[in-house]
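Comments concern the structure below.
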Amino acid sequence: MFKEVLAEDQDCLTLNVGPQHPSTHGVLHLVITLKGETILRVDPHLGYIHRSIEKMCESLSYRQFIYVTSRMDYLSAHINNHGCALCVEKALQIEVPQRAQVIRVLMDELTRIASHVLWWGAMAMDVGAITPFFHAFREREMINEIMEETCGARLTMNYMVPGGVMYDLHPNFQRRVKQFISFFKSKLNEYDELLTDNIIFKQRTQHIGVLRREDAISFGATGPVGRGSGWACDVRKRAPYECYHQLQFEQVVEQAGDCYARYLVRMGEMRQSLSIIEQLIDNIPSGDYQAKTKAVLKLPKGEYYSRVETARGEFGVYIVSDGGTTPYRIKFRSPGFSNLSALDHMSRGHKIGDLVAIMGSLDLVIPDIDR
Amino acid sequence: MYLWTRNHFSGVGSASLVVLIGAGIVFSLLAIGLSRFLVKPTWSRQKLEPYECGVPTIGKTWIQYNVGYYLFALMFLIFEVELVFLFPWAVVVKQLGMVALIEAAVFLFILFLGFLYAHRQGALKWM
Amino acid sequence: MNASLETTLQSVLAAAPVPVQLTAGSQWPELVVAPDDWPTLAPFLRDHAELRLDFMFCLTCVDWKTHLTMVYHLNNSSCERVVVVKSVLDRQQPRVASVANIWRTAEFHEREVYELFGVHFVGHPDLRLLILPEGWEGRNPLRKDFEDPVNMIRL
Amino acid sequence: MTLKQYFRNIWDGMRSLAAGMRRTGYYFFHHKEIITQEYPDVPPRLAERFRGEVVMPHNENNEHRCTGCTACELACPNGTIKIITKYEITPDGKKKKALDKFIYHLELCTMCNLCIIACPTDAIKMSQAFEHSVFDRSQLIKILNKPGSRLMEGVE
Amino acid sequence: MISLEFILQSVDRWLRDRLGHEVAVAVEYVLVGLFVILFFAVLGLVLVFMERKVSAWMQVRLGPNRVGPGGTLQTLADTIKLVSKEGLTPAGADRFLFNLAPVLMIVVSMLLLAPIAFARNVQLWDINIGVLYVSAISSVSVLAVLIAGWSSNNKYSLLGAMRSGAQIVSYELSAGLSVLTIVVLSGSLQVSQIIEAQQTGWWLFRGHVPVLVAMIIYLIAVTAETNRAPFDLAEAESELTAGFHTEYSGMRFALFFLAEYANVFVASAIGAILFLGGWMPLHLGNWDAFNRIMDWIPSSIWFFAKTFFFIFVIMWFRWTFPRLRIDQLLELEWKYLLPLGIVNLLVATTIAVAGWYF
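Residue numbers (my numbering), protein chains in the order written: chain A, 189 to 559; chain B, 15 to 141; chain C, 415 to 569; chain D, 1479 to 1634; chain E, 1009 to 1366.
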């Protein structure tokens, strides 16, 4: 289709958006073809921060490779680590203690909120409202402090170890999380006032970048992008891991498939995550926070795959082991990569301003895409 | 001061145009000149490249470009002329009373019909 | 659930248009298919009423030093029904048909495998380098024999 | 679009905009909600588990607990730690492996805590120092055992 | 009582006593020029600082607080930084036009100062078509934007300039229509007479709903005309990096920046003059004591207070709303503001003709 259009019109403008652009959220390079302001084609060029993590992991032990995955999707670093730990545990058939499972899930959901909150600010910034960004960081900071207290770091926590978590919860943890829950609930309503109900924001996002359900499935667009298109693709529901099958929460699904639907999905997910945390925070079982494991982990020969739901979608870890202390091959199925592949499909025929809104609604984290 | 008091206007106030234009030029040249004077320029090819997010520009910038607002410009012209007609009318409408009001209403109504027609024809769609 | 999926697969694959070898796999049932038969099998798997494997969540390649193995992870979009498809490729001249027109997510994943493993996807709409810089030739970083003395840090 | 709808659009739009303006207006006048941390003036409160850099505690006799077993070196994913050992003659005349230099590359460290977990003698720990900026990368290469320090009695 | 008017008159008298009529006038011209330049510089510093503080407080942060007392000298420090930056002309740009654009921008915003009444009887030029003059001159600035965008040899600049062309041109109409509402009520285009007509009360209070509607339309329109968020499509930071002034650096960028703030000031000043009575103090019916207290406050303070109120509102818009898309922007103008403006004008005229206002 693109070639036909080019042949018809000579007055097409080819524009580089990125790698140094305010709204590509990192070093993503898009080559877009414009006619007037209408986008005919978007061609992503990746690799500006490709570190070949998959290759790196081939020389790291099973304890070490977990920390590298924090550097992929740094906003849900904890959930990435979780996926890796799950895969190793599955291979070694380690039984994770109940307490560790609950701690992991609590941290996962806190991470999810932190990630969504940041996305909320960034999305607002993409459509031109700057104030929400700073409001978002206020809430994110609270989560980061909770994380720092328990995990010892704010962004790349590296709190997961095969068989459990690295430390026990900090004594302040429950109190601070409860504080955060009550604080965040009121702030969510402010979010609605600032952005959700705002007529300009609605106009900027409704009917923009529509991804129909079958396209979302075909593109493998998981996470809020897929659920915004009406596809119930939450791994926590589809293939529950840890203690998710015991929890009461809803899978937020919107049917419209546009930017606003994706926005609503994430807003709903923040509320669902809050309810998960509320269910767990008073019921943390006592016991070990770590299962006993050998000092040197050797995975039996075979292939292992584990899936978790990060803030961006389905994150998969595929380990091929030859029986040694390091993985023979590792493949990380990053949600952002598949979501990005739908960008061209979604943004054709829209304006430049819409492209920015669509990218915002995809919630791209470039290290996650580049790996 | 002589220039400012209202009672001394005739013919003097318009000199402020010259003063202001002069002040504007002096101000901007002063500002640019000052930085020229202070900064020792360095030259490199990369530095002078037009900014396009750090990648060399693809194709020419000055191409035949689809300006979406040709029709907007036409519409604007029509309404701006209307506005110019209305300015003298607005000054005196209070003295002339109802007749002037009705006349203007008719005038605006006809324009409005034209506007509706243009809207129907899709002239107000951004390309 | 796994067992029932396997019985379903057995009955379904009996009617498959190409010969397919079914194994239990370590986690999910695995199909091994010849690279030439893959383009015929792919739409069959996606459109079959009982399977409907319309969600490809992972596509990758493993370098086994003697050969390359393409690994496709397929799933049903509405319920858990994971099937792994494998295809063994020649290491010197790896060629396999593209499935980008069947699962559109394969478009980017295949481009990634193309540059990292050097697998040539026949019929891919736009097989260009995605991650590696323009003008990168030949060497494929994720192959086991890849050496880059400048950029690789040996630990 | 009917006329009623037209005015309804305007009204709803204005109302939603006013809600947003009320929110920002509220913050404009409520300076108590300001969350800025004035970092260099007011030192940040760091959690006790915060991981800033690897240090090796020494006691008052300039003794540390590191036996030079290289468990941390092996555990480190980045090659941050390099341990150089020497042979010491113990009082009873035997040769014994001991730590000569504990070289720590702070510029490579990602504070993942794996070395501290790996250490069998609790010789190293994470400190809360986080102001690591220097003008030259080579200044980040640190030798953690102090000059002249020895192994603490009783640590094997 | 010390007022701006009094100070200026004494300066005038002093000069004339010493130098004689002709020389005094010449000196006064120079003084006016210097005063305007100084005013511009100070205006830039103050407004930028105000913007940063307003945005900071709305964004629950402190804003500049290190340089000078309470951060007041921050903008001065920024200016010094900008002066010490090299002003680049990109390769392939049209050098003459590229350098002309910022100068043109500044000259236009300077010219807009002419009819503004800063205080009682303090005005550079009380032209009898004051408000028409403002709308005429202000549309020249779109030329500067177009020149800047086109001459930069940059695609982002080009897109930004194209957008601003359509935008400013469209919102000119709405601004004009709401200005007309007041002109009808006041019966004059002259700034001083419009203010005088509000002796008994500001139009906002006397003119019923139509004036309120006109004021809202005016505020929206001038926000768009001065290229400020949520209508900052010509700059559209997240889409076009910096829009039409992407290629400008150093002092030439600073001039664009300054001109934007100067335009905001002028637009707010005109708004204050039209709707809030300019330098006219607040008078309430027969409360003589109250009115006397209000009169005691210098007229320049009244003027600046009202102007800064409007500036604050415009800044408030900017730090609250997302940006519109170009077609939505035009839709807002052509489908909502323009028809409403026309109807509103007719209603206001009816009120004026029938004498129904207070």
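Ideal Cβ positions, reconstructed from N, Cα and C, are used throughout, including at glycine.
Taking C-beta to C-beta, are residue i and residue j nearer than 8 Å?
i: R1527(D); j: G340(A); result: yes
i: R1512(D); j: R1069(E); result: Just to set this straight, residue 1512(D) is Ile in the shown sequence, not Arg. Yes. Within cutoff.
i: D532(A); j: H238(A); result: no
i: L216(A); j: P207(A); result: yes
i: E297(A); j: I464(A); result: yes
i: L1592(D); j: Q252(A); result: yes
i: L263(A); j: V553(A); result: yes
i: D468(C); j: S501(C); result: no
i: S42(B); j: L1263(E); result: yes
i: S529(A); j: F522(C); result: yes
i: G508(A); j: S494(A); result: A small correction: the amino acid at residue 508(A) is Val; Gly does not occupy that position in the sequence shown. No, these two residues do not count as a Cβ contact at 8 Å.
i: L551(A); j: D261(A); result: In the sequence as presented, Leu is not what sits at residue 551(A); that position holds Asp. Contact: no.
i: A545(A); j: T393(A); result: yes
i: G1076(E); j: R1060(E); result: no
i: G1285(E); j: I1359(E); result: no
i: V290(A); j: P473(A); result: yes
i: P449(C); j: V510(C); result: yes
i: L423(C); j: L436(C); result: yes
i: T498(A); j: P350(A); result: no
Sort the options by Cα distance to residue i and report the nearest one.
i: N1129(E); options: K1314(E), T1357(E), W1287(E), A1270(E); result: W1287(E)
i: P1372(E); options: V1274(E), S1276(E), W1310(E), Y1269(E); result: Residue 1372(E) is absent from the structure shown; chain E starts at 1009 and stops at 1366.
i: I1561(D); options: H1583(D), V1633(D), L1481(D); result: H1583(D)
i: G1349(E); options: T1189(E), I1319(E), A1085(E); result: T1189(E)
i: S1186(E); options: K1314(E), P1306(E), A1222(E), R1024(E); result: A1222(E)
i: V485(C); options: L427(C), E524(C), A463(C), L546(C); result: E524(C)
i: I1224(E); options: G1279(E), A1205(E), A1034(E); result: G1279(E)
i: L218(A); options: F121(B), L88(B), C67(B), L31(B); result: C67(B)
i: S258(A); options: C272(A), W307(A), S249(A); result: C272(A)
i: I1176(E); options: F1048(E), G1251(E), L1337(E), N1299(E); result: L1337(E)
i: E381(A); options: Y1484(D), K1482(D), P1518(D), G1498(D); result: G1498(D)
i: M1170(E); options: P1110(E), L1346(E), A1244(E); result: A1244(E)
i: S247(A); options: I1595(D), C1554(D), Q1515(D); result: C1554(D)
i: T1545(D); options: Y1565(D), V1612(D), Q1483(D); result: Y1565(D)
i: G136(B); options: L85(B), V120(B), F51(B); result: L85(B)
i: L455(C); options: T480(C), T474(C), A428(C); result: A428(C)
i: I227(A); options: G548(A), S549(A), G541(A); result: G541(A)
Hey, could you find the ends of the beta strand (DSSP E) residue i is sitting in?
i: R495(A); result: 490-497
i: N489(C); result: 481-489
i: R470(C); result: It should be pointed out that residue 470(C) corresponds to Met in this sequence rather than to Arg. Note, M470(C): beta strand (DSSP E), 469-477.
i: D231(A); result: 226-233
Round the Cβ separation of residue i and residue j to the nearest angstrom and send it over; I've been treating them as touching at under 8 Å.
i: G1503(D); j: W1324(E); result: 7 Å
i: R518(C); j: S417(A); result: No, R518(C) and S417(A) are not in contact; Cβ-Cβ is about 13 Å, not under 8 Å.
i: I46(B); j: G1157(E); result: Contact doesn't hold; Cβ gap of about 19 Å is too wide.
i: R1369(E); j: R1236(E); result: Missing from the structure shown is residue 1369(E); chain E here goes from 1009 to 1366 and no further.
i: G1168(E); j: G1251(E); result: 3 Å
i: V1044(E); j: A29(B); result: With 8 Å as the limit, V1044(E) and A29(B) do not qualify as a contact, their Cβ atoms being about 13 Å apart.
i: W452(C); j: V497(C); result: Actually they do not touch by this definition, with Cβ atoms about 13 Å apart.
i: P1598(D); j: A1549(D); result: 6 Å
How far does the alpha helix (DSSP H) with residue i in it reach, from first residue to last?
i: E1566(D); result: Run containing E1566(D): none in the alpha helix (DSSP H); it sits in the beta strand (DSSP E), 1559-1567.
i: R460(C); result: 452-461
i: E297(A); result: 286-314
message: Going residue by residue through the region 376-450 of chain A, where are the continuous alpha helix (DSSP H) segments of at least 4 residues, counting only ones entirely within it?
response: 387-393, 401-407, 411-416, 423-426
- prompt: Going along the chain, which unbroken runs of the alpha helix (DSSP H) with 4 or more residues stay wholly within the region 1211-1294 of chain E?
  reply: 1211-1214, 1216-1233, 1245-1248, 1258-1284
Length-filtered (3 minimum) beta strand (DSSP E) runs lying within the region 519-567 of chain C: 534-536
message: Restricting to runs no shorter than 4 residues, where is the alpha helix (DSSP H) found entirely within the region 1517-1592 of chain D?
response: 1549-1553
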